[in-house]
Amino acid sequence: MTTSTRLGPAAVSAVLLLAVTGCVAGEDSGGGSGSDGASVELRLDWAYYNPESLVIREQGWLEDELADQDVTVSWLQSLGSNKANENLRAGAVDFGSTAGTPALLARANGTELRTVSVYSQPEWSAIVVPADSDIDSVAELAGRQVAATRGTDPYFFLLQALREAGLDAADVSVVNLQHPDGRTALERGQVDAWAGLDPYTAQTELEAGSRLVYRNLDFNSYGFLNVSEEFLDAHPELVQTVVDAYERARAWILDHPDEAVDILAEAAGVSTEVAERQLLDRTRLDISPVPGDEHRAVLERVAPLLVAERQVPDEESVTEALDTLFAPEFATAAADR
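Those letters in the sequence shown? Residues -25 to -1, 1 to 312, by mature numbering (1 follows the signal peptide of the UniProt record, and there is no 0).
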């Protein structure tokens, strides 16, 4: 493998500081929900990994529909599931889009969120190595530096892949970087591998020749649209409005794939080819939006890993989170319209 500069503790801290600063600077400002009789601000996130959010935001459907009501709409970018969960926990958004496993993790750790819709079944996670790497399997990651964003689906994808190969997180050195910074570290040779997320995975694959050495659709959890319980209890009618918009966006993308690719490419600042690989090749939208047994089954497979890796307080907290995470009635109503 090509000789490269490794990230020592000080360098990692510096990169993390830059990542956090960049995330804050790149995000829109949010607001707060009003009380009864006062104006209400509907605060949603948008993310490159959530194509429906990009379309709804671009088309202005919610703003148009709520224009004659005392509701304003604001948008905040999430750069990863960890950021979406942080924003929900802090009360910066009412709706946050995550992968399924991070939603379960957040609820098990006390974040009062509910999953009201499933927006995609993506293959958004893979283990990526530089073009000239001598690594060809997960087993060969032992003793290596692997970039990953803790609290996101690629991180849990990495943990599952390591376990399948007879390893665990202690057998590698996990460098905690936000997704785009992980890609940069990989391309600069500062880490040996990266648990990647699209569109950055597709970008480094197509533009830098990086290789996907491990893929497994079963280790990717679905895309979950989550809402804070406080907002759900106070404004169920607005929750339904948002879920209806998501169903409208799903149908629109399936009917207008080329236009959806252009929206993703412009929002993410990537080429059309990269956007096509993410949206058309590695994302399924023709799925049921109703969170249910098939989604729970995916999370049940990951739950023991969360306990073993001490990501949650105990097994009981995960079980309770599984039992209370889904609020399927909104997606059921939207799908029946």
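Beta carbons: idealized from backbone N, C-alpha and C, even for Gly.
Residue i and residue j closer than 8 Å at C-beta
i    : j    : result
L300 : T90  : yes
S263 : A226 : no
V103 : A168 : yes
F199 : A74  : yes
S72  : A22  : yes
V217 : L19  : yes
L41  : V30  : no
R82  : A242 : no
P129 : L172 : yes
L239 : D261 : no
V166 : V121 : yes
A140 : A114 : yes
V293 : A283 : no
V273 : Y197 : yes
Classification of residue i by the beta-carbon crowding that lies within 10 angstroms, buried from 16 upward
i    : result
S14  : exposed
S112 : exposed
Q44  : exposed
T76  : buried
G126 : buried
T247 : exposed
P303 : buried
G55  : buried
E212 : exposed
E269 : exposed
Closest Cα partner of residue i within the set the options
i    : options              : result
E204 : V113, E269, Q52, D69 : D69
P288 : T307, L80, A42, E16  : L80
D298 : Q153, Q34, A78, W50  : A78
S53  : G35, P26, L137, V46  : P26
T202 : E291, S246, S92      : Here the sequence assigns Val to residue 202, which means Thr is not the residue at that position. Measuring from the Cα of V202, the nearest candidate turns out to be S92.
A170 : Q34, L280, L134      : L134
D143 : Q153, F131, H154     : F131
Those residues which DSSP pairs with residue i across a bridge
i   : result
Q96 : R259
Anticipated Cβ contact below 8 Å, residue i with residue j, distance rounded
i    : j    : result
N57  : T86  : Wrong, their Cβ atoms sit about 12 Å apart, outside the cutoff.
V149 : A160 : The pair is not a contact, with the Cβ atoms about 12 Å apart (cut-off 8 Å).
Q253 : A177 : 5 Å
R312 : W36  : Incorrect: roughly 14 Å between the Cβ atoms, too far for contact.
R259 : S95  : 7 Å
Any non-hydrogen atom of the ligand FMN within 7 Å of residue i CB
i   : result
E16 : The ligand FMN is not part of this structure, which contains no ligands at all.
Test: residue i CB closer than 8 Å to a CB of chain D
i    : result
A114 : Of the protein chains in the structure, only one exists, and it is not chain D.
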